[in-house]
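Read the structure below first, then the notes.
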Amino acid sequence: YLGAYKFTVKGEAVDVSALTLTITSSTSGNIEDALSGVELVDPNGNVVAGPTDPGTATVAWTDTFTVPIGETVYKVRADLSTNGGWSTNDTIYVSFTPSAMTIRGTVTSNTITATPSSSVSTNTQTVKAATLTVTRNTLPADQNIIVGQLGVALTSWNFDATNSGEDIRITQIAFAGRLGLLGKKTN
Numbered sequence: 784y785l786g787a788y789k790f791t792v793k794g795e796a797v798d799v800s801a802l803t804l805t806i807t808s809s810t811s812g813n814i815e816d817a818l819s820g821v822e823l824v825d826p827n828g829n830v831v832a833g834p835t836d837p838g839t840a841t842v843a844w845t846d847t848f849t850v851p852i853g854e855t856v857y858k859v860r861a862d863l864s865t866n867g868g869w870s871t872n873d874t875i876y877v878s879f880t881p882s883a884m885t886i887r888g889t890v891t892s893n894t895i896t897a898t899p900s901s902s903v904s905t906n907t908q909t910v911k912a913a914t915l916t917v918t919r920n921t922l923p924a925d926q927n928i929i930v931g932q933l934g935v936a937l938t939s940w941n942f943d944a945t946n947s948g949e950d951i952r953i954t955q956i957a958f959a960g961r962l963g964l965l966g967k968k969t970n
């Protein structure tokens, strides 16, 4: 998700028929190429506005959606294009001005001006690539092993995804082994 907004409605449910997001990012590419399918989703994950591809750093939704009385959190999500100029540690956030939305009461049909009249921004999101660092542990150390011994630990590895932008799932590992003959049996 690019961010979330809490809408607080009192008195009667409202229909929102226009909302424009501003997208700010540090990508070296154009945001129109870097982002696609921007959507606003309700708490159940249902799309209420979009998907819309951004214009010059904006997304203008004219889909009408109803916000019920009470507090409702809507999330903004989008697809980050792999060829959009994104680099690790680029940032992105979205903002909009509530008073600029087009809103009408569902019962009275009165025009409603939301507050505040200043821009409201989401938290900044940082782009991270998926990374996995694999290193051999120092244990078990070089050692002698006995023929016929069971459960011999031959090697140990660290799989580190600490700096990854997402969880890594390893589905298969292949190891190759060599058997070296260090001596000959003599009579």
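Going by our numbering, the sequence shown opens with residue 784, and the numbers climb by one from there.
All C-beta atoms in this analysis are idealised placements derived from N, C-alpha and C, irrespective of residue type, glycine included.
Just so it is clear, the structure is predicted and the values come from calculations on it, not from any experiment.
C-alpha distance - residue i paired with residue j, whole-angstrom precision
i: Trp869; j: Asp816; result: 10 Å
i: Ser882; j: Phe942; result: 50 Å
i: Ala912; j: Val930; result: 45 Å
i: Thr898; j: Met884; result: 10 Å
i: Val850; j: Glu795; result: 9 Å
i: Gly960; j: Thr938; result: 10 Å
i: Pro923; j: Val917; result: 16 Å
i: Thr909; j: Ser947; result: 12 Å
i: Gly838; j: Thr871; result: 24 Å
i: Val831; j: Ile814; result: 22 Å
i: Leu785; j: Ile895; result: 27 Å
i: Thr865; j: Thr905; result: 23 Å
i: Gly934; j: Asn927; result: 14 Å
i: Thr954; j: Asp873; result: 29 Å
i: Leu823; j: Ala787; result: 9 Å
i: Asp925; j: Thr914; result: 30 Å
Counterpart residues of residue i in DSSP-defined beta bridges
i: Ser878; result: Thr805, Ser904
i: Tyr788; result: Tyr857
i: Gly833; result: Note: Gly833 sits in no beta bridge, so no partner.
i: Phe848; result: Val799
i: Thr841; result: Thr805
i: Ile886; result: Val799
i: Thr909; result: Thr874
Start and end residues, beta strand (DSSP E) containing residue i
i: Asp862; result: 853 to 863
i: Glu822; result: 818 to 824
i: Trp869; result: Careful: Trp869 lies outside any beta strand (DSSP E) and carries neither H nor E.
i: Ile895; result: Element bounds for Ile895: n/a, residue is neither H nor E.
Contact under 9 Å by Cβ, residue i with residue j
i: Val859; j: Val877; result: yes
i: Ile875; j: Thr791; result: no
i: Thr855; j: Pro826; result: yes
i: Ser819; j: Asp862; result: yes
i: Asp950; j: Ala957; result: no
i: Thr880; j: Val903; result: yes
i: Ile886; j: Lys793; result: no
i: Val842; j: Val821; result: yes
i: Gly812; j: Gly867; result: yes
heavy atom of the ligand ADP below 8 Å from residue i C-beta
i: Pro837; result: Inclusion of the ligand ADP in the displayed structure is not the case, the ligand content being empty and no account of it being possible.
Minimum length 3: unbroken beta strand (DSSP E) runs contained in the segment 915 to 956:
916 to 919, 940 to 943
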